[in-house]
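Protein sequence lines correspond, in order, to chains W and S. For the working numbering, count along the first sequence from 1 and bump the result up by 51. For the working numbering, count along the second sequence from 1 and bump the result up by 16. All C-beta atoms in this analysis are idealised placements derived from N, C-alpha and C, irrespective of residue type, glycine included. So the structure is just underneath, and the comments pick up after that.
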Amino acid sequence: DVKVTQSSRYLVKRTGEKVFLECVQDMDHENMFWYRQDPGLGLRLIYFSYDVKMKEKGDIPEGYSVSREKKERFSLILESASTNQTSMYLCASSLFGYGIGTSGFHQPQHFGDGTRLSIL
Amino acid sequence: AQTVTQSQPEMSVQEAETVTLSCTYDTSESDYYLFWYKQPPSRQMILVIRQEAYKQQNATENRFSVNFQKAAKSFSLKISDSQLGDAAMYFCAYRSSSNQFYFGTGTSLTVIP
Chain W
52 DVKVTQSSRY LVKRTGEKVF LECVQDMDHE NMFWYRQDPG LGLRLIYFSY
102 DVKMKEKGDI PEGYSVSREK KERFSLILES ASTNQTSMYL CASSLFGYGI
152 GTSGFHQPQH FGDGTRLSIL
Chain S
17 AQTVTQSQPE MSVQEAETVT LSCTYDTSES DYYLFWYKQP PSRQMILVIR
67 QEAYKQQNAT ENRFSVNFQK AAKSFSLKIS DSQLGDAAMY FCAYRSSSNQ
117 FYFGTGTSLT VIP
């Protein structure tokens, strides 16, 4: 089974701190994603990456950056944490799909347990 | 960009009864995949069922089935013989040809004993 591991289940930080959230997957997936989950808003994509050193902005990238130096690891960075970044953060990975009928395209995302981040 | 809409923030069902969760989406693509995910309280998001857009036959997985209406861009989830363990947040998701996944806002399902 695919395992996606997020470094912390719960995290409390202070306003202005630089915060690192780590995510590691063990199935050699090309795609990795960072989402933010808030009640009533569902999952909102922050950043995703389809290869090492590649990154694409999602819907809400402001205040965040990412790093993907190795295929299995995708880090989310809050440059200067603010209280409105208090949320649940979900990491996910998936195979890269080249189109319908190709290997990987029908595969779903696999999620980590999530990190509940509180900024005080 | 694709959008996914779940119009029912909350649903409830009596144990052993059947419930249907709604999902609609908007896209100009002809080839894509649709998924339903389940997120139990304080637990990991897991896949429930998937549907290929080019297949007319509705997907089924044990007590879970979908009603996929491509022309209407509708993808509802039916849970039969509901069990207490089905209580969770359910998310509908769309996978595009660009490898992005788009999620709805979720439906919180309560199962009443």
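Look at residue 100 of chain W and residue 119 of chain W and say whether their C-beta atoms are less than 8 Å apart. Cβ atoms of residue 100 of chain W and residue 119 of chain W: closer than 8 Å.
**Item:** Proximity below 8 Å, CB of residue 67 of chain S to CB of residue 128 of chain S
**Value:** no
Please give the ranges of any beta strand (DSSP E) in the stretch 105 to 161 of chain W, keeping only runs that are unbroken, at least 3 residues long and fully inside the region. 115 to 121, 124 to 129 and 138 to 145
Residue 122 of chain W to residue 32 of chain S span [Cα, whole Å]
44 Å
Query raised in the report: Going along the stretch 94 to 127 of chain W in order, which residues come within less than 9 Å of chain S, judged by CB to CB distance?
Result: 94, 95, 96, 99, 101, 107, 109 and 110
(request) Identify the contact partners of residue 164 of chain W in chain S, using a Cβ-Cβ distance below 7 Å as the criterion. (result) 60
Check: Per DSSP, which one or two residues make a beta bridge with residue 115 of chain S?
Finding: According to DSSP, which records beta bridges pairwise, residue 115 of chain S is partnered with nothing at all.
| said: Once the 5 residues before and after residue 111 of chain W are set aside, which same chain residues still bring their CB inside 7 Å of it? | reply: 87, 95 and 97
Q) Does DSSP put residue 101 of chain S in a helix, a strand or coil? A) helix
Exercise for review: Could you tell me how far apart the beta carbons of residue 41 of chain S and residue 89 of chain S are, in whole angstroms, since I believe they sit closer than 8 Å?
Suggested key: 5 Å
*For residue 158 of chain W, which of S:85, S:73 and S:53 has the nearest alpha-carbon?*
S:53
Spatial neighbours of residue 162 of chain W within its chain, please: C-beta separation below 8 Å, excluding the five flanking residues on both sides. 55, 141, 142 and 143
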